[in-house]
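The structure appears below as structure tokens.
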Ligand SMILES: Cc1ncc(COP(=O)(O)O)c(C=O)c1O
Ligand SMILES: Cc1ncc(COP(=O)(O)O)c(C=O)c1O
């Protein structure tokens, strides 16, 4: 039942509102709304009960193993939340004078430094609000770099076919054409194809390394050479940074621009779809274009760097300069890991991924890249199962829910048929992974014996499989008063 | 699975502990424990996931209608929790100087005043930690009162048969014999029986009014006269205060001593079994015996009253003087209700109870006291259903769980056979109550058609009906390492 | 090892299964020359206890005095229930609801949010958030330009009275795609954006979109009906940028002019999001039904499950980057889900009546404060236009100096000086008194300002 | 109407169903003469926003400086996860788990708590809490007297070195039932309670119970083996009062002497409960299996459900007031469930190793602090007995004056002056440095004390 369906005219959670306020006589009548908006009218208990119960219908890290590849669903330390919510941080107005912001600015500054050190870049801006915005920012800086050099011919951004959808989308948002580079059979970028593709029209290449097929591209130095020689810049999509944290640095690999998904590697919450934070790091030659604001240390204190200080900046990415509350969480997390904990995250994320991969392979599942090490994630393909039992990767995914596991990422990357992209992360126990393997085996057995049962999954969720085609055809995007009248007592 | 079953030697939530501390060389070897205690060794994520998932196995106000009679399960405003948890309150040491406690003491003082005003008593101490301790405190004060007057003959405490079990238990803890007074057919105390029972041995009477059969005793003035004339004092069990808040005051009814269950009437959380707070109020002649500490206003500030100030006090009830954090929550709630909100709680608690009673009666359920108004609660008896379909009150209770309703109180008070004591409280909607009636009707229909299904209930809970006899016979009160070894992988 | 559950036994057993001699060996595909070690620049690990001590100290230093700054972020009361529920692990630590059956909680919340936003804006469809108000406007303009088939140009009219940071952000985001942003100035007397000035800038190639800001950066209410009708006459789409709290009182964009605005967007921060130095907030974006396939961002739809029970799922995903890649309506992926969860709970708690009370109180408080301040010699309302809950004041002394003295002498943040963003308004201060400001605080402001101005 | 969902329509419909003309009519059985109205003494209602403002102001005033007070309540670090989970509505707003099938969450938590407490005390059974440490001891003594069939008397030996508030609380609670409390003094040199002094007080009628406190109020470690053996020789039950944190390091009561203590009780506050001016905390009580039917309070047992699946339920309810009424083992009903939930999560987070680290750090910090303080002329350890994490110090100046100056000059609470409770110890201060106290704070203490003592 929707909260709207519980609404009754005149019902209120009235301890919450200020007492009777006067008519807004200062507002001309012709600008006043004629009909009041139909928000739910419910009591405080109804609200608490409704959203508490709804929450229980979610899988989440805090309740389930959630091996969603490319998303790094690891434990979100609870203390990060409570510290970011301290009144001094939470109640500070973005335009409050810096004297009332030295605490938060110290954290932001220290975070910039930590990110620089761990990525090997020479400057960092925390402004972008998520990974995709980090990409947009990064590509815009590449564009600014070329334009500043008077190089207007570069119209193409190279992007491996395995790349995340945001990469081509971001390139296009920045006015580039996205040109696909194929992946070789071993999962590395096809270097010959790359060589053939570069030229004076090449603005750069967007790479994820380890890539979204879950392997570290062994030819990265060669790739860097090819692109740099062609006058392009290398962009690093840091969504997979967790796999190499403290092991190898994008700056040392030759990247000019990177973004980091702090909500992945630095464990800030995914929140059912955000907020994230997507800081960007750059090599020295791209540094002038970093977005504002940035924090600079000045004597014992901190100050904002704005357009006045950074005339070549590409500008602002959001109104007030970024998802500060998320950056604070990431900072707390980074400090708890400390210098020694960074590599440890990579170590155990990689150990878990390789262990899970080995176990699934030993159980007879087919790996997309069996000859390779897994990074923090890996791919299995269920094309045999699909062919022999008629049970797809999506069916496996749905049936996993019944076994108490969130499904891995399905059908991504697009180049592997019937694939599951599996990322266990370092915070899961061996027992979790073993349980997942048992579930996969059980589902395959069921696929042989009773495929329909798998195809009809899930069976134990609050809802059976949802009709997505219907959702797109008969668009129902909002409750309306009319609907309520038609439905009678709702659902 | 127990958290213990997830334990692996050497696993740790190690962001939490201080870094490596030295061997405690100051502690003589013969006092050191030989074997380390076997606490669970688990990661932080395991802890969070385990207790998050466990929580989902509970019914609670925040998730379900919970009409548990005598327990006043109403909405616990969330703000009470966050304000009591403010660092200034939560981190204050009980022995910190009063200069660092004027805030909390102001709240406690104001709460004392509010409770005095709303109950009509002349003094209040907030010391008792729950209702039962309030009773013990109250009865101890009655004892102190008699003893101070040199009256050593009073050995009996009169207690209606409908009374809550804590009443006789508290009387006995204070060295009294508990003497039962029967309830008349209309639910009021049997005045003639009372008259016959009083005498020089009567220390007092413990009454709940409205009583635990859910009616207001109309003869309260007469009862007060009888007991007072016999030299006894009147004790008011304030568990049902919610029914008469702002309507009639125990002090005005003639009570000498009362306790209040703030976790009921003042909506502090029940917390799966506490903590509560059971302040006591007294008439002037009993005031000297109130437990310490109490808060007194002195000039612009506040100070603690201790034994030095109150030489006749019965003493301390707990180490540091009470459940302060709960008292703060009650204070916040009281201030949000305000003077006008007190009676409103009683109004709507009573409206809801009478409405639910009327609807159940109209649906054919038998009321224990059909000729009476309900107070904030009322009783139905399922003796017909038990006789005709072999389905007991307990079976109804368990089947209600499947319908998404917590069961009412069962088999209490003891004098009504196969009874349910139903208290909806003022914070529930008419829709909740209507839903409950529908469920009761559905269960009765099922009891006719398929009684076994009701007897086997619940069917949709995390567990089917639990074997209480086995629990008491084969006592299993704690996980032990041996057990774990025997069980293999636990359950 | 913080957050890592592996015991030595686990590690040994796992390596054996893998067939690797050590964890280090798992990294053997990384070229040795590239490997790096621990970085001394990163401080060593702190325990939870130690980082808590550090952060509490830092947060204490940031505790700010009473705040009369608005300018795009507003100090509203957030009921305690909002974040106690929103931070429940099931909301807090879930991902984007790709597996609908295991995410009905988040999905239904998002659908309810969409329903609340369409009710407030009187438009048909809403997405489930963009990063913030400024990026929502940028996306709205890209959307409008894509959607407006009648207009060949990518010219967009933007009021100069729109928040300067919105304008700057929009520029960063939309210029690479060739959008041309044309700023239309406000009337110095009224503070409004006159239709005539717009008309003067319409140009030959037409306009793809016209931005209408209600209230504008100065708090002033624009003649939205006239502007909307004019935009439509030009063949442009009308893109509303609104403070959603103001919609409790003001004509919703869907009813502006004869046909209503086509798109409405803005900042949802006033709905339960702490100020938090500027984020995370949430941008919202609503539109008419006809434009929904051009919308950026996630959209949730109600549908049926295999048993015919209603349920929720992400829909119209073919607009999105993970399906459409370079042809997507936007690159947005992670958005502001948790903030939207909070906003939904916040709005459910307030309800129609509560929201209206908050809006009215803000309006009344700002009016009252300004009455008090304008009683002082030399202080006056800078613009004649009616306002919602912000007001530009003209001061007889340099606003920045006044602000510094208000902070140090009366422990309050007196507003936002306009000179930095509008050089010609360098004698002006933008003030805002939300429902959080008390009589005492407003009185304190007035008294302190009187002292400061007298002393000069 | 705050918290009340009824609309006018609801009220009308409900009254009609009831057949009553008004809500007021529902109270018509209350004698009119007794009815009262609104009380002017009660202030009018405040909105959530207004009460929040008030309480934040009051809480701010109570923020205390670094705390070196122990004396029965200890400032330990509480991991953030503890209360974020414990205050989840499903724990926070549930009642006592009478309906086991709908309360498996709470029940399992309680069973796990029992398991942790039996592990720490090395006893067989634990209840699920009493109000606090002092009432737990009172109940333990009532239990011991009931259980000790060998001893006719109700005489109980209590060390004078036990917390004065425990002794006072126990007196209030047990004296009405005729228990006789005999106090045995401590040795002025060691601070311990010697067996010989106990022996001198044993008396003719025997002792039902002997209380053994480890560590005692002065932080001093008692010779628990000898005391336990002696108690058992007398035919008395040995009742341990222990700081459960200390059990991470110290011999558990179940292993004291030859046969082990019979009952152990104490204050669970060190396990995740905020100091909160003294409550809510939680008392714990463990015993040997043979005594479990005399235990007060709720007990949870593991059993099977109708399908044979293991599950949890309240058990041995025949001990309790709601079944046994006047013959119950105690009147306790509501206990400290939520605090126990927090304690269980807290202990699970710390684990064996973490708890030991905390205990060690407290021990080391107190030792270090006392070394620094005792380097000052005239300051010395008051007792020779070894301590856990508290130490009585003898000062060359009146402790109360010193405390006041430490507070005002060095912003710290220096400890608890012993003179109020033990007149002969009026030159003594009891100090405690938990794992929360930093080097800097301890240094500050030493420096300030040096200044104060020098100045005199
Ligand atoms: C490989 C990769 N790149 C980029 C992104 C986009 O990041 P965000 O969702 O933070 O915008 C993602 C997120 O899923 C990703 O997995
Ligand atoms: C009528 C009555 N009296 C007394 C009590 C005891 O109160 P408490 O549980 O707070 O000790 C209760 C609690 O259930 C009760 O219902």
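Residue numbers (the numbering used here), protein chains in the order written: chain Y, 1 to 491; chain E, 492 to 982; chain V, 983 to 1438; chain U, 1439 to 1894.
Beta carbons are placed, not taken as given, at the ideal position from N, Cα and C, and that holds for glycine.
Only a predicted model underlies this, so the values are computations on that prediction, with no experimental measurement involved.
Taking all protein chains shown into account, residue 1321/V has 16 or more neighbouring C-beta atoms within 10 Å of its C-beta and is therefore buried. Spatial neighbours of residue 1886/U in its own chain (CB-CB distance under 8 Å, excluding positions within 5 residues in sequence) are listed in chain order as 1843, 1844, 1847, 1848 and 1850. When DSSP states are grouped into helix, strand and coil, residue 219/Y belongs to the coil group.
Here residue 237/Y carries a strand assignment [DSSP, helix/strand/coil]. With a threshold of 8 Å, the Cβ atom of residue 1695/U does not count as near ligand 2, since no heavy atom of the ligand is closer than that. Identification of residues in the region 35 to 49 of chain Y having a C-beta nearer than 9 Å to some C-beta of chain U yields 41, 42, 43, 44, 45, 46, 48 and 49, given in sequence order. Listed by position along the chain, the residues with Cβ atoms less than 6 Å from a non-hydrogen atom of ligand 1 are 70/Y, 71/Y, 130/Y, 131/Y, 132/Y, 164/Y, 166/Y, 208/Y, 212/Y, 237/Y, 239/Y, 261/Y, 276/Y, 278/Y, 1315/V and 1316/V. Looking only at 521/E, 759/E, 529/E and 518/E, the smallest Cα-Cα distance to residue 974/E is reached by 529/E. It is roughly 49 Å from the alpha-carbon of residue 1828/U to the alpha-carbon of residue 1331/V. Under the 9 Å criterion on CB atoms, residue 497/E is classed as interfacial with respect to chain Y. Per DSSP, reduced to three states, the secondary structure at residue 793/E is strand. Taking 8 Å as the cut-off, one finds no heavy atom of ligand 2 near enough to the beta carbon of residue 671/E.
Taken through DSSP and simplified to helix, strand or coil, residue 1755/U comes out as helix. The Cβ atoms of residue 1129/V and residue 1289/V do not sit closer than 9 Å to each other. Counting along the chain, residue 910/E sits inside the beta strand (DSSP E) bounded by residues 910 to 913. A Cβ of chain E is located within less than 9 Å of the beta carbon of residue 989/V. Under a 10 Å Cβ-count criterion, residue 1251/V is classified as buried, with 16 or more other Cβ atoms of the shown protein chains found around its own Cβ.
Taking residue 846/E as reference, the option from 1440/U, 1439/U and 1463/U with the minimal CA-CA separation is 1463/U.
Using a CB distance below 8 Å, the part of the region 1148 to 1172 of chain V facing chain Y consists of 1148, 1150, 1151, 1153, 1154, 1155, 1158, 1159 and 1160, ordered along the chain. Between residue 613/E and residue 774/E, the alpha-carbon positions lie close to 5 Å from each other.
Three or more Cβ pairs drawn from the region 1745 to 1760 of chain U and the region 654 to 669 of chain E lie within less than 8 Å of each other, which places the two stretches in contact. Interface criterion not met: the Cβ of residue 1085/V is under 9 Å from no Cβ in chain E.
A Cβ-Cβ contact shorter than 9 Å links residue 141/Y with residue 257/Y. Using beta-carbon distances, residue 1473/U does not count as an interface residue toward chain V, since no partner is under 9 Å.
No heavy atom of ligand 2 is found nearer than 8 Å to the CB of residue 474/Y. Chain-ordered, the chain U residues with CB closer than 7 Å to the CB of residue 815/E read 1714, 1715, 1716 and 1717. The beta carbon of residue 1693/U sits closer than 6 Å to those of 1560, all from its chain and outside the five residues before and after it, given in chain order. Distance between residue 1131/V and residue 1276/V, taken at the CA atoms: about 12 Å. Between residue 1547/U and the set 1785/U, 1634/U and 1682/U, the nearest pair of CA atoms involves 1785/U.
Taking the beta carbon of residue 1061/V as reference, the chain U residues within 8 Å of it are 1486, listed in sequence order.
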